[in-house]
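>
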Amino acid sequence: MEIDILCKKTFIPCFVLQKRNLKTNVALVIFPLILCVLLLVLQEVVNHQLNSSKYRCGCKCVQTDGTGSCQEVCGIEYSTLDQVGTCPIPSPPKWPAFLQVPRLQYRAVKTDSDTFTDLQNDYSCLKDNSCPVTFLHTGQNKSMAGTLAGNLVTDALPTDFSDPLKTFSVLIPGTDSKPDISNYIEPALLSNSPMYVVRPSCQGNLNFSSSFQLGGITLPLEMECVESSVLWRDNSSVVNKELFQGYRKGNSARKINEIVAAYDLMNSNAKNFNVTIWYNGTYKNDSANSPYSLLRVPRSVNLVSQAFLRLFKGANVQMPLEFVKEMPKAATNLRLDFSSILGPLFFMWVIQLLFPVILISLVYEKQRNLRIMMKMHGLGDGPYWLITYGYLLILSIVYMLCFVIFGSAIGLKFFRLNDYSIQLVFYLIYINLQIALGFLAATAFSNVKTATVVGYQYIFGFGLLGAFLFQYFLEDTSFPKNWVLVMELLPGFSLFRGLYELADYALTGVREGTDGMQWKNLNDHDNGMKEVLIIMFVEWLIILPLAYYLDQVISLGSGIRKHPLFFLDRVRKTSQPSFRRQSLKTQSSKVSVEMEKADVVQEREVVEQLLQSSMGSYPIICDNLKKVYPRQDGHAEKYAVRGLSLAVPQGECFGMLGPNGAGKTTSINMMIGLSAPTSGTAYIQGMDIRTDIDKIYTSMGVCPQHDLIWETLTGREHLLFYGRLKNLKGALLQNAVEESLKSVDLFNGGVGDKPAGKYSGGMKRRLSVAISLIGDPQVVYMDEPSTGLDPASRSKLWNVVKQAKRDRAIILTTHSMEEAEVLCDRLGIFVDGQLKCIGNSRELKARYGGSYVFTITTVSTEEDEVEKLVQSLSRNARKVYSLSGTQKFELPKLEIKITDVFRTIERAKEYLTIQAWGIADTTLEDVFIKVARESQSVAILS
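Residue 283 in full-length UniProt numbering sits at position 283 of the sequence shown; the count goes up by one each step and never skips.
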């Protein structure tokens with residue numbers, strides 16, 4: 001039964017609300033389709049251009065015999081630099097094995113602060129480009145290591161310079177350019193960076209010039225001599241310390257000492273060659289995804305291997321490294337892969353676009369008070385969170401499914417190569433976390449515009465930080481991994497890390513022709529996907545209940561704030577069984593009644609008696625209800641309500657009258673849970689608004705001062721929605737909706753089936769009244785329900801209220817005295833936050849209007865005679881109005897008779913020019929004005 005009620009109160013009303021947002025939801029869901037179509041069109045346009053002859057492998061017509069006929073032959077030798085990328089390379093070119101040399105400004109030099117005094121030169125070598133390149137070595141046998149170091153870099157010269165590859169097998173070529181992800185063309189030959197010949201000394205002109213042929217292209221080779229320095233260190237720890245002290249990190253202002261290579265010969269001897277080599281990876285190609293960039297290590301290995309052979313086999317022994325070359329390559333088509341171009345930043349932005357949608361949706365309902373309106377009609381916080389979370393989850397799942405499906409359809413390797421089950425688990429966990437973040441962020445906002453700005457700043461800010469900061473830390477092998485995990489605690493960075501891993505594996509799969517990320521890869525040491533999934537899941541488990549808790553205790557726009565320990569209500573109530581009586585006694589004893597009228601004091605006594613005994617048939621009891629707004633901008637405290645005590649029995653409509661700002665709406669807002677009282681409380685059907693407001697909502701109806709409706713829903717859909725919240729269903733619900741529409745004149749002409757946004761102001765007020773009465777609530781609050789209505793509609797509305805008050809307690813505010821007399825059984829006049837008088841219309845007139853109003857119009861010259869005439873009727877008559885011969889007097893009822901007035905006027909017509917006259921009893925409006933003026937005068941004097 002409970003499950004059935006929960007479903008009825010959640011998914012059915014949610015469907016009513018969201019079906020009118022169908023166009024918006026569809027547009028949001030198909031956004032990935034539109035995006036993918038645009039990417040597909042762009043990709044095809046670019047691929048078409050890349051398939052042109054400018055980028056296809058070059059071809060040439062080669063004669064096959066003497067007849068003049070030829071055969072088209074394609075290959076790298078007939079291609080330009082733009083074409084070689086697509087050519088087949090059955091036998092890749094041979095290139096010299098270069099040594100990775102530090103750039104001039106980063107080479108190790110000696111300064112005053114250096115611990116190592118054997119570094120050569122100082123910063124003056126930068127001026128004449130004479131700074132040497134440094135090698136370090138260590139080992140258990142220092143003497144052997146020193147001898148080996150002498151053979152590391154020799155001054156040997158080739159005997160034959162005709163073959164460049166043989167020449168560079170003797171010489172030691174170096175470059176400070178970056179390597180590439182492949183070596184079909186040596187990037188050092190194409191860069192503008194200088195190339196070097198590494199020698200023990202550069203005395204004399206030892207520069208070297210050569211060239212290489214690549215098909216029809218000549219690649220010149222100009223090389224400068226650079227001196228080398230091979231230095232001993234005591235152990236590998238010292239080597240490590242010096243290497244890491246000199247490693248370049250960001251834009252550090254400290255001195256940078258980069259080493260070419262370092263060797264630890266350990267226990268090497270004539271029979272055992274055991275060596276550890278450090279190499280300089282600073283110049284790896286970060287733009288091409290650093291883990292797969294080539295490194296110039298072969299020449300460093302060759303140098304120490306050749307030095308070992310020379311040490312034990314003689315100085316003339318050589319083990320030349322003639323060349324390095326790539327693996328053979330088949331012909332390829334140059335095509336654009338958006339997965340590698342767009343990167344994780346693009347996918348991160350697309351996924352996070354849902355966050356502002358979620359945040360705006362939640363804040364909009366708070367700003368427009370729609371959420372509190374639903375609560376007032378019985379939708380609890382639990383069901384509200386359930387339906388909202390479920391709706392946002394379904395929307396997010398459909399959005400992500402469309403993105404994955406459409407991305408796969410257009411051929412994005414990001415989706416196609418990686419295991420779909422991993423992707424779906426990753427996206428499912430993140431969208432749940434994103435929804436929880438939306439709920440958490442919504443507790444801090446009450447304005448849609450502010451929430452929108454912050455939402456978009458969040459997605460773009462984290463995207464840019466991820467791409468230009470966090471990614472740098474991920475690829476920096478020296479950056480502590482524990483700090484990476486700390487940064488991943490931020491949901492934006494955890495999303496970026498997961499997308500980075502998927503993009504990385506997809507890019508590897510494209511290069512190597514393999515699959516992308518599989519479940520087995522999650523155990524890889526460098527794969528951070530497992531940690532990301534765990535972090536996001538745990539954060540979701542923490543953030544969701546935290547968001548619910550803050551929603552209850554912060555409550556910016558969603559009702560009365562709950563106690564920080566509200567979840568212990570049952571325990572607190574059990575431990576404090578006499579809480580109500582004790583608190584009431586304390587509150588009541590401090591009430592000042594010196595300035596209160598007898599009727600107000602009597603009402604307060606009735607409230608105290610009811611609270612000390614059974615509340616019986618009084619659904620509404622207010623006990624010293626106060627609202628004080630704190631000091632602000634230098635102004636004093638604002639007392640909006642000054643101790644309201646009121647008891648409204650069942651079947652009564654109580655009218656609250658008062659000037660603007662008197663505290664009427666504030667009083668109602670406290671009773672309906674829209675704002676919390678500063679002190680005092682109210683009991684609705686025996687339940688305290690401070691602790692039981694959620695239970696009170698199930699039997700309460702509200703017509704607020706300002707219409708709280710959804711612009712896209714029809715009047716019928718509003719009533720269906722709120723009717724279901726009141727547990728109506730089936731034929732009973734349909735009949736209630738039909739009767740409600742008819743009663744407020746929204747049935748004929750199909751008005752009830754039009755969107756409420758197209759209603760006039762009066763139609764919206766009538767709809768608000770119908771909403772407040774549907775479902776037979778026992779307590780109803782109507783704040784100026786007839787505002788903006790024409791006389792005919794007002795009359796119909798009065799009939800509805802009179803019919804409804806038979807078995808309900810109704811509190812109604814109005815500025816219409818006629819409405820108050822017609823609808824209200826009792827009236828209370830509010831002035832300056834206080835109840836000044838209370839009673840039915842007749843009692844108030846008798847109490848505050850004990851005089852007749854006598855009006856007479858004559859010529860202006862006879863005004864004095866008229867005043868003497870009135871004084872003859874009553875010595876205590878008081879003139880309240882005089883203008884151009886028209887005068888108005890108040891005549892005490894106890895001093896005159898109506899018959900005497902008629903006789904006197906008939907006699908006066910003989911000598912006065914009486915144009916018009918009249919005598920009337922005091923109206924409610926007169927009472928209202930009199931009470932308001934008296935109260936304001938007292939307030940001024942005090």
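Each residue gets a CB set at the ideal place from its N, CA and C atoms; glycine is no exception.
Is CYS87 near SER79, with beta carbons less than 8 Å apart?
Residue 87 sits at position 87 when you count from the first residue of the sequence shown. Residue 79 sits at position 79 when you count from the first residue of the sequence shown. Their beta carbons are under 8 Å apart, which means CYS87 touches SER79 by this criterion.
> Three-state secondary structure (DSSP) at PHE468?
Within the sequence shown, numbered from 1, the residue matching residue 468 stands at position 468. Helix.
> Excluding the five sequence neighbours on either side, which residues of its own chain have a C-beta within less than 7 Å of the C-beta of ALA916, listed in chain order?
In the sequence shown, residue 916 corresponds to position 916, counting from 1. Taken in chain order, the residues that qualify are THR857.
> With 8 Å as the threshold, decide whether the Cβ of MET144 is near any Cβ in chain C.
Reference to chain C is not applicable here, since this structure consists of a single protein chain.
> Does the distance from the C-beta atom of GLN650 to that of ARG808 stay below 8 Å?
Position 650 of the sequence shown, counted from the first residue, corresponds to residue 650. Position 808 of the sequence shown, counted from the first residue, corresponds to residue 808. Contact flag set, yes.
> Which one of THR175, PRO200 and ILE185 has the shortest CA to CA distance from ASN192?
As a working note, residue 192 is residue 192 in the sequence shown. Here the closest residue by C-alpha is THR175.
> Could you spell out where the alpha helix (DSSP H) holding GLU818 opens and where it closes?
The sequence position of residue 818 within the sequence shown is 818, counting from 1. First-last of the alpha helix (DSSP H) with GLU818: 817-823.
> Could I get the ranges of all uninterrupted alpha helix (DSSP H) runs contained in the segment 759-791, with 4 residues as the minimum, in chain order?
761-773
> Which residue wins for smallest C-alpha separation from LEU646, given the options SER667, HIS635, PRO630 and VAL628?
The count along the sequence shown starts at 1 and reaches residue 646 at position 646. Nearest option by C-alpha distance: SER667.
> Quick check: what's the CA-CA separation for TRP385 versus TRP540?
Position 385 of the sequence shown, counted from the start, is the residue given in the question as residue 385. Position 540 of the sequence shown, counted from the start, is the residue given in the question as residue 540. The alpha-carbon atoms of TRP385 and TRP540 are separated by roughly 15 Å.
> Roughly how many whole angstroms lie between the Cα atoms of GLY498 and LEU38?
In the sequence shown, residue 498 corresponds to position 498, counting from 1. In the sequence shown, residue 38 corresponds to position 38, counting from 1. So the two alpha carbons sit approximately 25 Å from each other.
> Tell me, to the nearest whole angstrom, how far the beta carbon of GLY463 is from that of LEU345; I am working on the premise that it is less than 8 Å.
Your numbering for residue 463 matches position 463 in the sequence shown. Your numbering for residue 345 matches position 345 in the sequence shown. Confirmed, about 5 Å.
> Hey, would you say LEU812 sits closer than 8 Å to PRO791, going by beta carbons?
Residue numbering aside, residue 812 sits at position 812 when the sequence shown is read from its first letter. Residue numbering aside, residue 791 sits at position 791 when the sequence shown is read from its first letter. Against a cut-off of 8 Å, the Cβ pair of PRO791 and LEU812 comes out as no contact.
> For TRP349, tell me which candidate among TYR458, VAL363 and VAL324 has the shortest Cα-Cα distance.
Residue mapping note: residue 349 aligns to position 349 of the sequence shown, counting from 1. When each option's Cα is compared against that of TRP349, the closest is TYR458.
> Classify TRP483: buried if its beta carbon has 16 or more other beta carbons within 10 angstroms, exposed otherwise.
Taking the sequence shown and counting its residues from 1, the one referred to as residue 483 is at position 483. When all chains shown are included, TRP483 counts as exposed.
> Roughly how many whole angstroms lie between the Cα atoms of SER617 and GLU652?
For the purposes of this step, residue 617 is taken as the residue at position 617 of the sequence shown. For the purposes of this step, residue 652 is taken as the residue at position 652 of the sequence shown. Distance between the alpha carbons of SER617 and GLU652 is about 11 Å.
> Just to confirm the assignment, what range does the alpha helix (DSSP H) spanning MET529 have?
The sequence position of residue 529 within the sequence shown is 529, counting from 1. Start and end: 529-553.
> Mind checking which residues open and close the alpha helix (DSSP H) that includes ARG604?
The residue given as residue 604 occupies position 604 in the sequence shown. It spans 598-612 - the alpha helix (DSSP H) in which ARG604 sits, taken as one unbroken run.
> Using a Cβ-Cβ cutoff of less than 7 Å, which residues in the same chain neighbour ALA506 once the five nearest sequence positions on both sides are dropped?
Here residue 506 refers to the residue found at position 506 of the sequence shown. Once the five neighbours on either side are set aside, the close Cβ partners of ALA506 are SER339, LYS413, PHE414, LEU417, ASN418 and GLY516.
> Please report the distance separating the alpha-carbon of TRP232 from that of LEU221.
The residue labelled residue 232 in the question sits at position 232 within the sequence shown. The residue labelled residue 221 in the question sits at position 221 within the sequence shown. Looking at the two C-alpha atoms, the distance is approximately 33 Å.
> Would GLY314 be called buried (16 or more neighbouring beta carbons within 10 Å of its own) or exposed?
Taking the sequence shown and counting its residues from 1, one reaches residue 314 at position 314. Exposed is the call here.
> Give me the Cα-Cα distance between VAL901 and LYS893, rounded to the nearest whole angstrom.
Translated into positions along the sequence shown, residue 901 becomes position 901. Translated into positions along the sequence shown, residue 893 becomes position 893. Distance between the alpha carbons of VAL901 and LYS893: 12 Å.
> Under a Cβ-count criterion, where at least 16 other Cβ atoms within 10 Å of its own Cβ denotes burial, should LEU883 be classed as buried or exposed?
Sequence index remark: in the sequence shown, residue 883 carries index 883 (1-based). Label assigned to LEU883: exposed.
> Of all the alpha helix (DSSP H) runs that stay within the bounds of the segment 467-500, which reach a length of 4 or more residues?
471-475 and 481-487
> Quick check on the DSSP output: what are the complete alpha helix (DSSP H) runs of length 4 or more inside the segment 856-923, in order along the chain?
863-873 and 898-908
> Candidates PHE445, ASP476 and LEU148: which alpha carbon is nearest SER361's?
Indexing the sequence shown from 1 puts residue 361 at position 361. Measuring from the Cα of SER361, the nearest candidate turns out to be PHE445.
> Flag this pair as touching only if the segment 314-330 and the segment 180-195 have three or more C-beta atom pairs under 8 Å; answer yes or no.
yes
> Tell me the DSSP secondary structure of ALA809 in three-state form.
As a first step, residue 809 is located in the sequence shown; it is residue number 809 there, counting from the start. In the displayed model, ALA809 falls within a strand according to three-state DSSP.
> Out of LYS127, PHE116 and ASP128, state which residue places its alpha-carbon closest to the alpha-carbon of LEU136.
On the sequence shown, residue 136 is found 136 positions in, with the first residue counted as 1. Of the listed residues, the one whose Cα sits closest to LEU136 is PHE116.
> For PHE566, is the classification buried or exposed, using 16 other Cβ atoms within 10 angstroms of its Cβ as the cut-off for buried?
Residue mapping note: residue 566 aligns to position 566 of the sequence shown, counting from 1. Result: exposed.
> I need the straight-line Cα distance from PHE747 to VAL779, nearest angstrom please.
Translated into the one-based positions of the sequence shown, residue 747 becomes position 747. Translated into the one-based positions of the sequence shown, residue 779 becomes position 779. Taking the straight line from one Cα to the other gives about 25 Å.
> Pairs of beta-carbons, one from the segment 425-442 and one from the segment 531-545, closer than 8 Å: are there three or more?
yes
> Could you tell me how far apart the beta carbons of SER874 and ILE896 are, in whole angstroms, since I believe they sit closer than 8 Å?
The residue given as residue 874 occupies position 874 in the sequence shown. The residue given as residue 896 occupies position 896 in the sequence shown. That pair is a contact at about 5 Å.
> Terminal residues of the continuous beta strand (DSSP E) containing HIS137?
For the purposes of this step, residue 137 is taken as residue 137 along the sequence shown, with counting starting at 1. Start and end: 133-138.
> Grouping DSSP H, G and I as helix and E and B as strand, with all else coil, what is THR175?
Within the sequence shown, numbered from 1, the residue matching residue 175 stands at position 175. Reduced to three states, the DSSP call for THR175 is strand.
> Looking only at its own chain, which residues have a Cβ that is under 7 Å from the Cβ of LEU165, when we skip the five neighbours before and after it?
Numbered from 1 along the sequence shown, position 165 holds the residue referred to as residue 165. Result list for LEU165: LYS94, PRO96, GLU322 and PHE323, in chain order.
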